[in-house]
Amino acid sequence: MTTFANALGSAAVLVTVGAVVVLWRHRLRSIVAALAVQGVALAATAALLGVHEHDRGLLVVAGLVLLVKAAVIPGLLARVVAATPGARESDPLVNVPASLVVAGLLTLGAFVAARPIVALVGGPTGKLVPLGLATVLIGFFTMVARRRAMSQVVGLLLVDNGIALVAFLVTSGVPVIVELGSTLDVLFGVVVLRVLLARLSALGFSDLDQLRSLHD
Amino acid sequence: MVYWLFLAPLVAGLVALLTPWRPAVAWLGATSAAVVLVLGVGFAVRIERSGPVGSGVLRVDALAAFLVIVIGSVSLLATVRSVSYLTDEVRTGRSTLRHAALYSTLVQGFIAAMVLAVVANNLGVLWVAIEATTVVTTFLVGHHRTPAALEASWKYIIICSVGIAVAFLGTAVLYLAGVHAHVANPLDFTTLAAHAALLNAPVVRLAFTLLVLGYGTKAGLVPLFSWLPDAHGQAPAPVSALMSGVLLSVALSAILRLRVIAVGALGPTFPRVLLLAIGITTLVVAAAMLLAQRDLKRLLAYSTMEHMGIMTVAAGVGGPLALAGVLLHILGHGLVKGVLFLDAGEVLRLEGTTRIARLGGLLARRPALGAILALGLAGLLGLPPFSIFVSELTMLRAEAGAGLWWVAAIVLGVLAIILAAILAHARTMLLGASETSTSSPASFVAPLGVALGAAVWFGLVAWPLAHLLSLAAGVVA
């Protein structure tokens with residue numbers, strides 16, 4: 007039981023740490039790598055829960071998460087990054103030290119907001135729910151505090167991974183079919199975003215500040 | 003049985019994907035929309051006789067049948083218009099054949115995803131369907147591939163993905179409440195609604211808030227609405243017509259169904275306060291943006307936000323009368339807004355702009371386009387005999403009847419401001435002299451005229467929709 011709790015806790019913490027690394031690092035390559043590690047940690051969470059609860063469906067989901075979130079999506083993003091060598095988040099709207107402080111505050115907020123869920127779920131899994139919520143909040147913050155189009159995609163994926171973590175922890179995953187549908191939808195979404203990124207860079211845009219033609 | 007609804011869009015979509023594009027492909031798309039409409043009517047007739055069709059994941063009840071009819075009608079209007087739109091784009095070289103084929107395929111996917119969203123009886127399937135509408139429409143918004151169109155589609159997919167992610171979190175949290183209450187099938191709408199009283203209240207409160215914020219993003223409600231004017235302004239006119247006319251209402255209908263569960267678990271107060279707050283704020287923001295608007299398509303987009311706000315307020319009040327008003331409003335708004343976006347698209351094609359200040363004298367210069375714009379705006383503002391007049395009156399009566407006089411007063415006040423704003427814009431666009439006068443072909447005017455006629459018809463006579471409307475309102479009252 008304690009081994010399970012420790013392993014599960016480590017995997018969940020790793021998901022949140024991955025989100026913090028995204029805020030901390032400048033180089034887009036490191037950011038994509040952090041996202042891949044987060045995918046592995048998320049798959050590990052699902053696999054641990056699947057083994058612990060003898061749920062084969064959850065093991066299938068874990069495999070799918072590993073494939074899509076640790077390999078395919080980071081792979082797609084890595085190819086975009088490779089097209090622009092040395093690409094970095096040069097001039098974030100909120101600088102790194104301030105971002106890390108905000109991440110700390112958001113994590114505290116997540117612990118407060120998740121109280122009704124923690125109370126209902128209980129046990130070692132319930133205690134970890136705030137970590138998923140913290141990842142979601144850090145993802146939102148990444149989306150508003152970073153300028154590069156790529157960083158917004160990363161922020162969105164952080165939100166998504168955080169939500170997946172919450173879903174695994176509170177319910178041992180929603181039914182497999184929903185999980186499949188949602189993972190595939192996320193994959194399609196990333197493919198669409200990648201195509202848009204390519205079209206944007208073909209027109210010479212990479213910073214969202216350059217996209218200012220639409221307003222009232 | 004329910005699966006038949008997807009057959010026509012599937013066939014038309016595959017044909018568009020796999021064969022070289024030609025006008026016949028677009029006509030097939032219009033036929034598919036007509037089939038969806040006819041099937042919707044068929045389901046409605048059957049449901050009126052013998053109750054909901056299907057069980058498990060997909061289920062057509064009166065509300066779903068009504069919404070399928072709305073989807074079918076507005077899709078028919080938009081796809082018929084797409085035929086000449088695409089033909090013209092290809093002829094003038096603005097679109098390649100490949101882009102036209104992609105457009106035709108995606109529109110069919112869009113229709114299928116919306117139908118799936120309204121017949122889904124499962125929170126997970128609903129979520130997948132609404133997310134699918136985002137993925138499918140992103141490329142449609144960016145169809146023109148200009149920097150502005152790309153910016154609009156970027157904003158659209160990023161903001162809506164955030165919204166839909168929040169909705170997934172809400173779905174998982176509601177599922178948690180269901181699992182802990184030992185509900186047999188905790189993602190099933192009908193089961194959850196039947197056992198709502200057993201659910202843990204604080205958890206449902208959190209879940210409902212997340213779901214309203216999430217699906218509200220797709221419905222153009224505050225706080226995440228900023229994608230809406232950009233996407234509607236940049237998308238090809240038939241796509242704007244579909245998005246504004248039905249997609250937003252489909253997302254709103256998800257909130258209507260979820261409200262039933264929330265009311266069952268929490269009592270009426272919390273859902274009412276949340277929906278009133280979001281609805282009124284949306285209404286006020288839309289009015290502010292309408293006042294100073296300089297572009298016709300963005301004007302129409304903010305007007306859609308306004309109408310979503312009105313409906314959210316009425317949904318918050320609840321009860322059969324308010325919900326009947328909301329549903330009639332969905333139909334009337336869908337038809338009129340579809341017509342207006344198609345008209346604005348034609349204005350853009352012929353005049354080269356949708357800047358309100360540059361359109362002066364439209365009624366004299368292009369009498370048909372100007373007349374449709376004038377009639378459409380009159381319908382939108384809720385002037386009789388259009389059905390929006392009846393539905394707005396119904397919703398206001400329901401608000402007053404529930405003792406919420408102040409709500410009715412706020413809505414009426416904001417509507418008066420919007421009336422003045424839109425009339426001023428309409429004067430700028432329509433009136434004025436012009437040296438030339440060009441008529442429009444009947445093939446353009448006729449479908450729009452029929453749609454406006456339908457919007458008037460349902461304002462004057464409720465037949466043949468009255469029974470279906472009251473059944474559908476009963477589902478979510």
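Chains as they are written, first to last, in our numbering: chain A, 7 to 222; chain B, 3 to 479.
Where a beta carbon is used, it is the ideal one built from N, C-alpha and C, also for glycine.
Just so we're clear, the structure is a prediction, and the values are computed from it rather than from any experiment.
So, using beta-carbon positions, are residue i and residue j closer together than 8 Å?
i, j, result
"B:V117", "B:V206", "no"
"B:A346", "B:L298", "yes"
"B:V478", "B:L325", "yes"
"B:I390", "B:L382", "yes"
"B:N124", "B:F191", "yes"
"A:A151", "A:A116", "no"
"A:L137", "A:T22", "yes"
"A:A25", "A:G145", "yes"
"B:A179", "B:L201", "yes"
"B:V341", "B:I312", "no"
"A:L193", "A:A155", "no"
"B:A18", "B:A243", "no"
"B:F8", "B:A151", "no"
"B:G363", "B:A428", "no"
How is the alpha helix (DSSP H) around residue i delimited, first residue to last?
i, result
"A:I123", "R121 to V127"
"B:A457", "A444 to L462"
"A:R154", "Segment: none, A:R154 is in no alpha helix (DSSP H) and carries neither H nor E."
"B:E437", "First-last for B:E437: undefined, no H or E at that position."
"B:F8", "W6 to L20"
"A:A68", "R62 to V71"
"B:E394", "S389 to G403"
"B:E153", "P149 to H182"
"A:A87", "It is worth fixing the name first, because residue 87 of chain A is Val in this sequence and not Ala. Looking at the DSSP string, the run of the alpha helix (DSSP H) that includes A:V87 is I79 to A89."
"B:A426", "W407 to L432"
"B:W229", "W229 to Q236"
"B:V206", "A203 to K220"
"B:G269", "It is not in any alpha helix (DSSP H) - B:G269 carries neither H nor E in the DSSP assignment."
"B:S242", "A239 to L244"
"B:P369", "P369 to L382"
So what's residue i in DSSP terms, helix, strand or just coil?
i, result
"B:L502", "With chain B running from 3 to 479 in the structure shown, residue 502 of chain B is simply not present."
"A:V197", "helix"
"B:L102", "The sequence given here places Ala at residue 102 of chain B; Leu does not occur at that position. Residue state, collapsed to three classes: helix."
"A:N101", "coil"
"A:R33", "strand"
"B:D190", "strand"
"B:A198", "helix"
"B:N124", "strand"
"B:R96", "coil"
"B:R24", "coil"
"B:P466", "coil"
"B:E308", "helix"
"B:V76", "helix"
"B:G321", "coil"
"B:M291", "helix"
"A:D222", "coil"
"A:A11", "helix"
"B:P273", "helix"
"B:E91", "helix"
"B:G44", "helix"
"A:V172", "helix"
Residue i bridges to which residues according to DSSP?
i, result
"B:D297", "B:R357"
"B:R259", "In the DSSP output, where bridge partners are listed per residue, B:R259 has none listed."
"B:V55", "B:V62"
Contact defined as beta carbons within less than 8 Å: I believe residue i pairs with residue j. What is the distance between those atoms, to the nearest angstrom?
i, j, result
"B:Y304", "B:P231", "6 Å"
"B:H309", "B:E50", "Not really, about 27 Å apart at Cβ, beyond 8 Å."
"B:P25", "B:V82", "That pair is no contact at about 12 Å."
"A:R35", "A:V86", "About 11 Å; that fails the 8 Å criterion."
"B:A119", "B:A256", "7 Å"
"B:G165", "B:S155", "Contact doesn't hold; Cβ gap of about 16 Å is too wide."
"B:V27", "B:S97", "So it is not a contact: roughly 13 Å between Cβ atoms."
"B:S246", "B:T306", "5 Å"
"B:L88", "B:F141", "Wrong, their Cβ atoms sit about 15 Å apart, outside the cutoff."
"A:V100", "A:V108", "7 Å"
"B:L249", "B:T135", "6 Å"
"A:T148", "A:G168", "Not confirmed; about 11 Å, so no contact."
"B:V319", "B:A221", "That pair is no contact at about 17 Å."
Residues from the segment 182 to 215 of chain B in contact with chain E, defined by Cβ distance under 7 Å: The structure shown has no chain E; the protein chains it does contain are A and B.
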